[in-house]
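Positions 741 to 1024 (my numbering) are the ones given, in order, by the sequence shown.
Note that CB positions come from ideal geometry on N, CA and C, so glycine has one too.
Each remark here refers to the structure printed beneath this line.
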Amino acid sequence: MHRSYLYVVGHREDHIEKAYASEVDAVILELEDAVAPSRKEEARRTVARVLRDAPPKPTWVRVNQLGSGLIRDDVEAVAGAAIEGIRLPKTQSAEDVHLVAGWLDEAGSGASIQVILETAAAVERVSEIATAHDRLAGVSLGEQDLQADVGATGEGLQYARSRVVFAARAAGLPAPVQSVWTRLRDLDGLRESCLQGKRFGFYGRSALHPAQVPVINEVFTPTPEEVADAEQLQAQLAAAVDAGAAGLQLPDGRFLDNAVVQAAARTLAYGRRGGPPSPAVRRS
């Protein structure tokens, strides 16, 4: 798992170079919304050319949506590259995932699929989508399109956010990545939004501009104090279990049991930037 993902338009090779040189954990090469229709083929060619050599950072490609007449060519152009996977926008059903997975199978690609849910119908099918295929590596929201679909803003999307977090966990997938923050100059607002997302159970966020990346990385990186506390909690419970107790009360009043230690393990996993362990759920 990554703390930060940076979108960069596929037809601007100079922007792509800057994205790879930034502090971001992973880069998303964009073929969809941010690329004008007249430049779609140029973007696809540029991305394929950039990916001829192994990219310097983990890389995803956001392809065009199903029904666009462009997506299969997008997938075929990058399927042989050393990418982590495909970001599938406007995913509506498990069948969408199976279709794209089939194309990747035909190409002999090992790429994963992250789906982006951008309609109310997709959110209501999230459990079905999240268990659709072994290639699935994550589910997330496309909040701008989702807001347009349901007519909600801000707090009106809390249900969808919680729904996706719980569905991902139940399916054995990593925690969802937060949707982009569109007010590029409002870094304080970005920070508060990231903190809220972290409280909801999100891990990491997509960015539209390199200036957003340090804020995102900071929020989703445990502090040295949090890591030290997590290590201490694990050691204290281990000592209590060795002494025959199932838990214990700490001097600060906290009751320490296995659930608290699981949370500590998640903090330590995030500190290693590997993400928390996922539950063992068999997906077909």
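Beta-bridge pairing by DSSP links residue 878 to 854.
Shown here, residue 867 sits in a helix according to DSSP, grouped into three states.
The alpha-carbon separation between residue 860 and residue 886 amounts to approximately 7 angstroms. The Cβ-Cβ distance between residue 946 and residue 919 falls below 8 angstroms. In this structure, residue 799 and residue 824 form a Cβ contact; the two beta carbons are roughly 6 angstroms apart against a cut-off of 8 angstroms. The beta carbon of residue 950 is closer than 6 angstroms to those of 762 in its chain, skipping five residues each way along the sequence. Contact holds between the region 968-979 and the region 993-1003, because three or more Cβ pairs, one in each stretch, are under 8 angstroms apart. Distances from the alpha-carbon of residue 922 to those of 847, 747, 994 put 747 closest. Counting C-beta atoms within 10 angstroms of its own C-beta, residue 995 has fewer than 16 neighbours from the protein chains shown and is therefore classed as exposed. Between residue 822 and residue 793, the alpha-carbon positions lie close to 8 angstroms from each other. By the CB criterion at 8 angstroms, residue 826 and residue 853 fall inside the cutoff. With a beta-carbon spacing of about 4 angstroms, residue 765 and residue 742 fall inside the 8 angstroms limit used to define contacts.
For the pair residue 869 and residue 877, the CB atoms are not nearer than the 8 angstroms cut-off.
Bounds of any beta strand (DSSP E) do not take in residue 899; it lies within the alpha helix (DSSP H) bounded by 898-910.
With fewer than 16 other Cβ atoms from the protein chains shown falling within 10 Å of its own Cβ, residue 896 counts as exposed. Within 10 angstroms of the beta-carbon of residue 899 lie fewer than 16 other beta-carbons, which makes it exposed. In chain order, 841, 852, 853 place their CB closer than 6 angstroms to the CB of residue 875, counting only its own chain and leaving out the 5 sequence neighbours on each side. Judged by DSSP in its simplified three-state form, residue 802 adopts strand. In this structure, the CA atom of residue 777 is about 27 angstroms from the CA atom of residue 917. Contact annotation, residue 801 with residue 787: C-beta distance approximately 6 angstroms; criterion of less than 8 angstroms satisfied. DSSP places residue 766 inside the beta strand (DSSP E), whose first and last residues are 766-770.
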